[in-house]
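Residue numbers for the sequence shown follow this note's numbering, beginning at 4 and rising by one. The beta carbon of each residue, even a glycine, is placed where N, CA and C say it ideally should be. Shown next, in structure tokens, is the structure this report addresses.
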Amino acid sequence: MKCDCQWEVSASFYALISVLLFFDEQNIVPWALLACLLHEMGHLTAIYTFGGKVSAIRLSLVGAEIIPIRNTLFSYAEEILIILAGPLTNIAVFVCGLAFSRQFPNENLHLFCGLNLMLGLFNLLPVASLDGGRLLRMTIAKCFHIVIAEKIYESISMVFASLLLFGGIFLAVTQHGNITLVIMAVWLLIACKQYNLLNYI
Numbered sequence: 004m005k006c007d008c009q010w011e012v013s014a015s016f017y018a019l020i021s022v023l024l025f026f027d028e029q030n031i032v033p034w035a036l037l038a039c040l041l042h043e044m045g046h047l048t049a050i051y052t053f054g055g056k057v058s059a060i061r062l063s064l065v066g067a068e069i070i071p072i073r074n075t076l077f078s079y080a081e082e083i084l085i086i087l088a089g090p091l092t093n094i095a096v097f098v099c100g101l102a103f104s105r106q107f108p109n110e111n112l113h114l115f116c117g118l119n120l121m122l123g124l125f126n127l128l129p130v131a132s133l134d135g136g137r138l139l140r141m142t143i144a145k146c147f148h149i150v151i152a153e154k155i156y157e158s159i160s161m162v163f164a165s166l167l168l169f170g171g172i173f174l175a176v177t178q179h180g181n182i183t184l185v186i187m188a189v190w191l192l193i194a195c196k197q198y199n200l201l202n203y204i
């Protein structure tokens, strides 16, 4: 698979990584970034498998955004498979890594497997900047007028992101001040506001 797309990295992405590294006391961020890279490679592989092309990969506050070339048209089923390719890649890495770790136990491998599983499942949540949100939008758009569908979609995204925030605050208070979920929830709420649905696959 040959990818001739451009890479665009915003200042907000560096800020996000800096914040995560600042609170990273267990050296989790590098492994998490590798899991994210595999996730995006899953999407890219599916896009090129179905004959699509990508003009750019943008790293910003909302994470990694794949910008397809607009003359590429995918069927409804292909769109779903492209969206699911990222989470399924992470889940496949988890399964393979878990099987490997049984023969060769390693703490970092266990951490990497767990991060892939969490990333895969997390991305299936129905929130705007996540793969689950994109699946939700496609489903709602099939049932309602686009204006109504967008409002329903945005409302569901905000509700789930808010629930994660409240859950994160609760865990931070009860679990010795761990604010990882709080940071993720705030990131999702910001992404919900900034995410331009027409720019992404």
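- For chain D, find out if any of its Cβ atoms is closer than 8 angstroms to the Cβ of Pro-108; answer yes or no. Of the protein chains in the structure, only one exists, and it is not chain D.
- Message: I'd like the list of long-range same chain contacts for Ala-67, defined as Cβ closer than 6 angstroms, with 5 residues on each side in sequence excluded.
- Response: Looking up residue 67 in the sequence shown gives position 64. Within the same chain, Ala-67 has close Cβ partners Glu-43.
- Message: Applying the 10 Å Cβ sphere with the 16-neighbour rule, what's the burial state of Ala-14?
- Response: Taking the sequence shown and counting its residues from 1, one reaches residue 14 at position 11. The residue is exposed, with fewer than 16 neighbouring Cβ atoms inside 10 Å.
- Query: Under 8 angstroms, do Ile-159 and Phe-147 count as touching if we go by C-beta distance?
  - Reply: Sequence index remark: in the sequence shown, residue 159 carries index 156 (1-based). Sequence index remark: in the sequence shown, residue 147 carries index 144 (1-based). In this structure, Phe-147 does not lie closer than 8 angstroms to Ile-159 by Cβ.
- Please list the segments of the alpha helix (DSSP H) lying wholly inside the stretch 117-182, counting only runs of 4 or more residues, in order along the chain. Fully enclosed alpha helix (DSSP H) runs of 4 or longer: 134-146, 149-177.
- Helix, strand or coil: how does DSSP classify Pro-71 here? Numbered from its first residue, the sequence shown carries residue 71 at position 68. Three-state result, Pro-71: strand.
- Query: Taking the Cβ atom as the reference point for each residue, do Phe-97 and Trp-34 lie within a distance shorter than 8 angstroms?
  - Reply: Reading the sequence shown from its first residue, position 94 is the one you call residue 97. Reading the sequence shown from its first residue, position 31 is the one you call residue 34. For Phe-97 and Trp-34, no; Cβs fall outside 8 angstroms.
- Query: Ile-186: which of Leu-19, Tyr-79, Ile-31 sits nearest, CA to CA?
  - Reply: If you number the sequence shown from 1, residue 186 lands on position 183. Looking at the Cα atoms, Leu-19 is the closest of the given residues.
- Please classify Leu-76: does DSSP put it in a helix, a strand, or coil? As a position in the sequence shown, residue 76 is number 73, starting the count at 1. Coil at Leu-76, not helix or strand.
- Message: Below 8 angstroms on the Cβ atoms is my contact criterion, and I expect Ala-152 with Leu-191 to pass it. Report the Cβ-Cβ distance as a whole number of Å.
- Response: Position 149 of the sequence shown, counted from the start, is the residue given in the question as residue 152. Position 188 of the sequence shown, counted from the start, is the residue given in the question as residue 191. Between Ala-152 and Leu-191 the beta-carbon gap is near 20 angstroms, outside 8 angstroms, which marks them as no contact.
- Where does Leu-191 sit, in a helix, a strand or coil, going by DSSP? Position 188 of the sequence shown, counting from 1, holds the residue named residue 191. Leu-191: helix per DSSP, three-state reduction.
- Find the nearest neighbour of Arg-140 within the set Ile-86, Ile-70, Leu-76, judged by alpha-carbon distance. By one-based count along the sequence shown, residue 140 stands at place 137. Answer by Cα proximity: Ile-86.
- Query: Using the C-alpha atoms, what's the distance from Leu-91 back to Asn-199?
  - Reply: Sequence index remark: in the sequence shown, residue 199 carries index 196 (1-based). Sequence index remark: in the sequence shown, residue 91 carries index 88 (1-based). Note that Asn-199 scores a pLDDT of 42, beneath 50, so its modelled location is shaky and nothing firm can be said.
- Message: Quick check on DSSP: helix, strand or coil for Ile-60?
- Response: Reading the sequence shown from its first residue, position 57 is the one you call residue 60. Looking at Ile-60 - three-state DSSP - the assignment turns out to be strand.
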